[in-house]
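These notes are about the structure you will find just below.
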Amino acid sequence: MAAPHGKKNIIAGNWKMNLGVAASRALARGLRSSAEKLSKSEVWVAPSSIALEAVAQELKGSPIHYGAQNIAQEKSGAFTGELSVAMLTEIGCTFSLVGHSERRNVFGEPNSQCVARTIGVLKQGFTVVYCVGETLAERESNITSRVIEEQLVPVLQAISAQEAQNLVIAYEPVWAIGTGKVASTEQIADVHRAIALRVSETLGAGCPVPILYGGSVTAENFASIIQLEHVWGALVGGASLSVEKFAPLIQISEG
Ligand code: PGA
């Protein structure tokens, strides 16, 4: 399905705590040619913080977007370990992930903090890929939609349609991340439909927010995922770490 209102599919790589500066630079260089002359897709990458500047240099003049894996809502100050919109903008970053399941579940960032980061950053006019998703226990308890509502609705209610222009939502079931267990197309379609509905109810039908799927996406399963209604790309971990695995995803999105 085509991305909403002229927006393109987003094929985003989350490199997590992988690849040092030299390896990140090499991967960025290797991806440049895969991202040329794309008509339906944009390529976004999120290297480690320490590699961002090298990736920025490597991607000069390329349409590939690069951004951070997390970002603070505050503009500056005593926030040890954090990055600001201004710092990222200075080196040409165009987005940040927020609320990735590893931030939530491994590092214990509460939902209220992920929500506050997202709202604070959107209000500074910077793009956020806001990650939502249920754990296996939550899915098995049939509370998937409630969990996603709790993660998403406070953000949607706090922003204007204008601010939502910079919002991208990534639906990533926690149990599908890095496990090789991809969600079924029915499960993905259901959650994406519910998210799209909630977005249009809260912000208006004329406010399309891209919704990406994430969780064990590979070249083997992506073709059946990207053709689903309300799926406008992917947030990819493991398969984003080499040109050989990531470039085919871009090609599948191009169709
Ligand atoms: P995975 O990670 O593709 O390795 O499952 C996805 C993500 O965490 O964004």
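With the first letter of the sequence shown counted as 1, position 225 gets the number 686 in the working numbering; the numbers rise by one all the way through.
We treat Cβ as the ideally placed atom computed from N, Cα and C, and that holds for glycine.
Predicted, not measured: the structure shown is a model, and the values here were computed from it.
In this chain, the alpha helix (DSSP H) harbouring Thr550 covers Val546 to Glu551. Between Arg578 and Ala533, the C-beta gap is smaller than 8 Å, which places the two residues in contact.
The beta carbon of Ala539 sits closer than 8 Å to none of the beta carbons in its chain outside the five residues before and after it. Nearest Cα to Val576 within the set Ile687, Val704 and Ile630: Ile630. For Ala700, the shortest C-beta to heavy atom distance toward ligand 1 is below 7 Å. His561 and Ser701 have their alpha carbons spaced roughly 16 Å apart. Residue state for Gly522 is assigned as coil, using DSSP reduced to three classes. For Gly675, the enclosing beta strand (DSSP E) covers residues Ile672 to Gly675. The region 663 to 675 makes no contact with the region 541 to 560; the number of CB pairs closer than 8 Å stays below 3.
Between the region 603 to 613 and the region 674 to 686, the count of Cβ pairs shorter than 8 Å is below three; the stretches do not touch. Asn470 has its CB no nearer than 7 Å to any heavy atom of ligand 1. A residue is called buried when at least 16 other Cβ atoms come within 10 angstroms of its Cβ; Leu597 does not meet this threshold and is exposed. For Ile713 against Tyr674, the beta-carbon gap comes to about 13 Å, at or over 8 Å, which does not count as contact.
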